[in-house]
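Everything below concerns the one structure shown next.
Protein chains: 2
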Amino acid sequence: MSLPNALLALLVVEPMTGYDLHKHFEASVGHVWHAPDSQIYPTLKRMEAEGLLEGEDIPWGPRGKKRQYHVTPAGREAFKTWMNTPLEYARTRDPAHLKAAYLEWAEPDAAREHLLAHIEHHSSMLAQWQQTMKEIEDGTSGMLARRLAHTPKKDQEKTRAFKRFTYEGLIAQAEAEIAWAQRGLRLVDKLNG
Amino acid sequence: MSLPNALLALLVVEPMTGYDLHKHFEASVGHVWHAPDSQIYPTLKRMEAEGLLEGEDIPWGPRGKKRQYHVTPAGREAFKTWMNTPLEYARTRDPAHLKAAYLEWAEPDAAREHLLAHIEHHSSMLAQWQQTMKEIEDGTSGMLARRLAHTPKKDQEKTRAFKRFTYEGLIAQAEAEIAWAQRGLRLVDKLNG
DNA sequence: TGCCAATAACTATATACATAGTTAGTCTGT
DNA sequence: ACAGACTAACTATGTATATAGTTATTGGCA
């Protein structure tokens, strides 16, 4: 259910091809909801069949063409409805904490490696999100800048504020994971003298 | 890849039927890796076919029987190998932060509802985990108690320490989510002030 | 004796997702 | 004139998950 809405979130800003979406995804919504192009293309077709989108073939070079999608009024309504509908929380599936719960089965060195990898992973997430946060602040963020250009002045601050809020949350998550893994490293050291 | 190992984590303690596993799952590993019984039964069969488990039919009442699985040496090795293998981090898919990123599309009341639901969800997670933490401390945690009874004294503290560590992490996650959503509530109030 | 909750073990179906490969046209530089 | 990178849009396959049943037995209580 999330992917169609993540696509709508981008397409309400401006019409795009599947390829465009795939590209912009990586640098914006994809931070919170990853999707490969092999999932995007069929989803766009389905959304067109459902009347949420309309696609038209536009020329590309002398012989080529590409299919550009734009949101229909029904699509815009569906997106708003989704935004006003409470979220269903999925049951936890957290491989890192799963392994952590049985870490006494790992060799001490492997345990350290796990925790270091956890720190490294979330550090790189953190760096990415801090970078995005900076781009939000100074308006160099690709999709957001495009978005704000289509937004009435009085709503711009709102839009920007919720983006900032989102990335603040992601940053807090990453920091919590890093702190936890560091505590884990100290624990492994203590347990192995 | 996680489910078979989550099952092994329980089965290395003592042989169990699919039904037993399903039950114990809910109260232990299921906290970090949920699985419905409809996934557990076929997975057990597959693991038996792969030689990780062996099952035997044991009588249950006058006419009934049930299939009890125990871990083979190969299964024990596979579990250890998994515990020593680095984790592959999956790309983010976080519906709550996805919605948060576009919260300006929601009615102010719906936005508040989202954030309140987020707080409520993670508060109940928090309560559950604090409860489990208490059970870890005083030895009333079902699977852990069973586990410790089969563990040499010198390793018991290690086992208990990693469980504590895991739930500390989950508690920190929940607290971070709650704090984030509360910041969100203040933001919504300010923007619609 | 009959009812009911719990135990036990599935089956069936529809998505969702990961991973990998395919086909074809365009644009840029040498 | 051609190579190579990029744009564009898929297809194919296998596994994972969610959701919702089904069938049968047991053990305890009224």
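Heads up: the protein sequence lines correspond to chains A and B, in order. Numbering of the first sequence is given in my numbering, commencing with residue 20 and proceeding in unit increments. Numbering of the second sequence is given in my numbering, commencing with residue 20 and proceeding in unit increments. Backbone N, C-alpha and C define an ideal beta-carbon position, used for all residues, glycine too. Quick caveat: nothing in here was measured; it's all calculated off a predicted structure.
Three or more C-beta pairs below 8 angstroms linking the stretch 121-130 of chain A and the stretch 92-112 of chain B: yes
CA-to-CA distance, A/L204 to B/R205, given in whole angstroms: 36 angstroms
Neighbour flag for A/R110 against chain B, beta carbons, 8 angstroms: yes
B/E67 - DSSP class collapsed to helix/strand/coil: helix
For B/T159, the nearest candidate out of B/L145, B/A146, B/R179, B/H141 (CA to CA): B/R179
4-residue-minimum alpha helix (DSSP H) runs that sit fully inside the stretch 20-100 of chain A, ordered along the chain: 21-30, 37-46, 56-68
A/R183, DSSP secondary structure in three states: helix
Short Cβ contact (8 angstroms threshold) for B/G74 with B/A93: no
Status (buried if at least 16 other CB within 10 Å, exposed otherwise) for A/M66: buried
Within 8 angstroms, strictly: CB atoms of B/A130 and B/L117: no
Anticipated Cβ contact below 8 angstroms, A/T111 with B/H41, distance rounded: With a Cβ gap of about 17 angstroms, A/T111 and B/H41 do not count as contacting.
Under 9 angstroms (Cβ pairs) to chain A, residues found in the stretch 88-103 of chain B: F98, K99, W101, M102, N103
Start-to-end residues for the alpha helix (DSSP H) that takes in A/H141: 127-157
Proximal residues of chain A, C-beta to C-beta of B/F184 below 9 angstroms: A119, A120, L122, W199, R202, G203, L206
Cβ contact (3+ pairs, closer than 8 angstroms) linking the stretch 160-172 of chain A and the stretch 41-50 of chain B: no
Residue closest to B/I155, alpha-carbon to alpha-carbon, out of B/K173, B/K177, B/S142, B/W199: B/K177
Same chain only: Cβ atoms within 6 angstroms of A/L22, ignoring 5 sequence neighbours per side: A54, T62
Through-space distance from B/P114 to A/L72, alpha-carbon basis: 22 angstroms
Chain A residues whose Cβ lies nearer than 7 angstroms to that of B/G51: Per the sequence shown, the amino acid found at residue 51 of chain B is Val instead of Gly. Per Cβ cutoff of 7 angstroms: T111, D113, H116, L117, A120.
Proximal chain B residues relative to A/H133, where beta-carbon distance stays under 8 angstroms: P105, L106
Where the alpha helix (DSSP H) containing B/G161 begins and where it ends: 161-168
B/R112 in three-state terms, based on DSSP: strand
Cβ pair A/Y88, A/P34 closer than 8 angstroms: yes
Cβ distance (whole Å) where B/L106 is taken to contact A/H133 below 8 angstroms: 7 angstroms
DSSP three-state assignment for A/A195, whether helix, strand or coil: helix
Residue-chain proximity (A/V210, chain B), Cβ-Cβ < 8 angstroms: A small fix is needed here, since residue 210 of chain A is Leu in this sequence, not Val. Yes, because at least one Cβ of chain B sits closer than 8 angstroms to the Cβ of A/L210.
B/A193 beta carbon less than 8 angstroms from that of B/E145: In the sequence on display, residue 145 of chain B carries Leu and not Glu. For B/L145 and B/A193, yes; Cβs fall inside 8 angstroms.
Min CB distance B/S57 to chain A below 8 angstroms: no
Check whether A/K64 and A/I77 have beta carbons under 8 angstroms apart: no
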